[in-house]
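Asker: Shown below is the structure under consideration.
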DNA sequence: TTGACATATTCCTATATGGGAATATACCGT
DNA sequence: ACGGTATATTCCCATATAGGAATATGTCAA
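Residue numbers (the numbering used here), protein chains in the order written: chain A, -13 to 108; chain B, -13 to 108.
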């Protein structure tokens, strides 16, 4: 089997650097294809193709205005990605957090004195 | 040109669902290949290959212990992904937050217009 | 209608993939 | 050294890509 399609989900769509650039560029604003191409220094057909992929997975929304089509990033579709990555947050947070985590771990299986196991998230 | 290599960066490595499963499984714990394979219902060679990719981009760390090799997720390597996704946070946060953000932006520059594009980072 | 502009699609190709099967490599205890 | 266990690598292949070039589709204006 080959690699999954770029249109199979947001993870695959976003793996391409140009597509990430496009998403960043279109965050909060609405732009026609030509302007995207110019702004990012890409060929128009290339941009159209990337936008197709992004649209297929819902990462961008499109609206027609006369002869041009306006695209904008649909941030909601990026949330799953963020959520997945956030899952690992507690494993990278710096010293303070990590020390606390360790203390918890020790408390759990070590000295029953310190019971921080109920400490809260966030 | 073809698609970028899966080992070119975390984004590409993480595009593969199995690899995400492996990363989740190895978050905070250290496990030998065989156990990963069994736990996730994958073939051993397949797991080895995925681990190779993950190791190449620094998403997992490996340690030898006798005849087995113990892998664990290196959460730090997931941070860039999280950071990139977080960039769009302000565009998906719900009404209240969004309104608040706008209010802040307005207050900062005293502009009567609602111009999100100019608001600053936190 | 015709022409000009804006975008999308098609065709081509080198390159990489992930899975399965088979095999190689490394390390252990005896 | 040997057999057995734990991982890694190789080979094969159907599939998908991204970019470039060329072309098709669509829309406006006169």
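Backbone N, C-alpha and C define an ideal beta-carbon position, used for all residues, glycine too.
Drop a sphere of 10 angstroms on the beta-carbon of residue -7 of chain B, count the other beta-carbons inside from all chains shown, and report buried for 16 or more, exposed for fewer.
Answerer: Within the second chain, residue -7 of chain B is the residue found at index 7, counting from 1. Classification for residue -7 of chain B: exposed.
Asker: Can you pull the chain B residues whose beta carbon is under 8 Å from the beta carbon of residue 8 of chain A, in chain order?
Answerer: As a position in the first chain, residue 8 of chain A is number 22, starting the count at 1. Residues of chain B passing the Cβ test: none, with the nearest at roughly 13 Å.
Asker: Using the three-state DSSP reduction, which class does residue 53 of chain B fall into: helix, strand or coil?
Answerer: Along the second chain, one-based indexing puts residue 53 of chain B at 67. The answer is coil: DSSP assigns residue 53 of chain B none of H, G, I, E or B.
Asker: Which value, in whole angstroms, describes the spacing of the CA atoms of residue 64 of chain B and residue 55 of chain A?
Answerer: If you number the second chain from 1, residue 64 of chain B lands on position 78. If you number the first chain from 1, residue 55 of chain A lands on position 69. Cα to Cα, residue 64 of chain B sits roughly 35 Å from residue 55 of chain A.
Asker: By how many angstroms is the C-alpha of residue 26 of chain B removed from the C-alpha of residue -11 of chain A?
Answerer: As a position in the first chain, residue -11 of chain A is number 3, starting the count at 1. As a position in the second chain, residue 26 of chain B is number 40, starting the count at 1. Going by the C-alpha atoms only, they are around 19 Å apart.
Asker: Return no unless some Cβ of chain A is closer than 8 Å to the Cβ of residue 27 of chain B.
Answerer: Taking the first residue of the second chain as 1, we reach residue 27 of chain B at position 41. Interface criterion not met: the Cβ of residue 27 of chain B is under 8 Å from no Cβ in chain A.
Asker: Measure from the alpha carbon of residue 19 of chain B to the alpha carbon of each residue in B:43, B:48 and B:1, then state which is nearest.
Answerer: As a working mapping, residue 19 of chain B is identified with position 33 in the second chain. It is B:48.
Asker: On the three-state DSSP scale, how would you describe residue 0 of chain A?
Answerer: Mapped onto the first chain, residue 0 of chain A falls at position 14. Coil, per DSSP.
Asker: For residue 44 of chain B, which residues in the same chain have their Cβ closer than 7 Å to its Cβ, ignoring the five residues on either side in sequence?
Answerer: For the purposes of this step, residue 44 of chain B is taken as the residue at position 58 of the second chain. Counting only Cβ-Cβ distances below 7 Å, and skipping sequence neighbours, we find 60 and 63.
Asker: State the Cα-Cα distance for the pair residue 68 of chain B and residue 2 of chain A, rounded to the nearest angstrom.
Answerer: Position 82 of the second chain, counted from the start, is the residue given in the question as residue 68 of chain B. Position 16 of the first chain, counted from the start, is the residue given in the question as residue 2 of chain A. Answer to the nearest angstrom: the Cα atoms are 16 Å apart.
Asker: At 7 Å on the CB atoms, spell out the chain A contacts of residue 15 of chain B, in chain order.
Answerer: Translated into positions along the second chain, residue 15 of chain B becomes position 29. Neighbours of residue 15 of chain B on chain A: none; closest Cβ ~10 Å, over 7 Å.
Asker: Please return the same chain residues whose Cβ sits closer than 8 Å to the Cβ of residue 33 of chain B, not counting the five positions on each side in sequence.
Answerer: For this step, residue 33 of chain B is matched to residue 47 along the second chain. These residues qualify, in order along the chain: 8, 19, 22, 23 and 26.
Asker: Please list the partners that residue -7 of chain B has in chain A, where partner means a Cβ-to-Cβ separation under 8 Å.
Answerer: Within the second chain, numbered from 1, the residue matching residue -7 of chain B stands at position 7. Taking the beta carbon of residue -7 of chain B as reference, no residue of chain A falls within 8 Å; the closest one sits roughly 12 Å away.
Asker: Give me, in chain order, the residues of the same chain whose beta-carbon lies closer than 7 Å to that of residue 109 of chain A; leave out the 5 immediate sequence neighbours on both sides.
Answerer: The structure shown does not extend to residue 109 of chain A, since chain A is modelled only from -13 through 108, so no value can be given for it.
Asker: Judging by CA-CA distance, which residue of A:75, A:66, A:72 and A:73 is the nearest neighbour of residue -4 of chain A?
Answerer: On the first chain, position 10 is the one that residue -4 of chain A refers to. Minimum Cα distance to residue -4 of chain A is reached at A:66.
Asker: Can you name, in chain order, every residue of its own chain whose Cβ lies under 8 Å from the Cβ of residue 97 of chain A, other than the five neighbours on each side?
Answerer: The sequence position of residue 97 of chain A within the first chain is 111, counting from 1. Any answer about residue 97 of chain A is weak, because its pLDDT of 34 lies below 50 and its placement is not dependable; what the coordinates show is given next. Closer than 8 Å at the Cβ level, and outside the excluded window around residue 97 of chain A, lies no residue.
Asker: Going along chain B in order, which residues have a C-beta closer than 7 Å to the C-beta of residue 62 of chain A?
Answerer: Working through the first chain from its first residue, we reach residue 62 of chain A at position 76. Near residue 62 of chain A (Cβ distances below 7 Å), the residues of chain B are 78.
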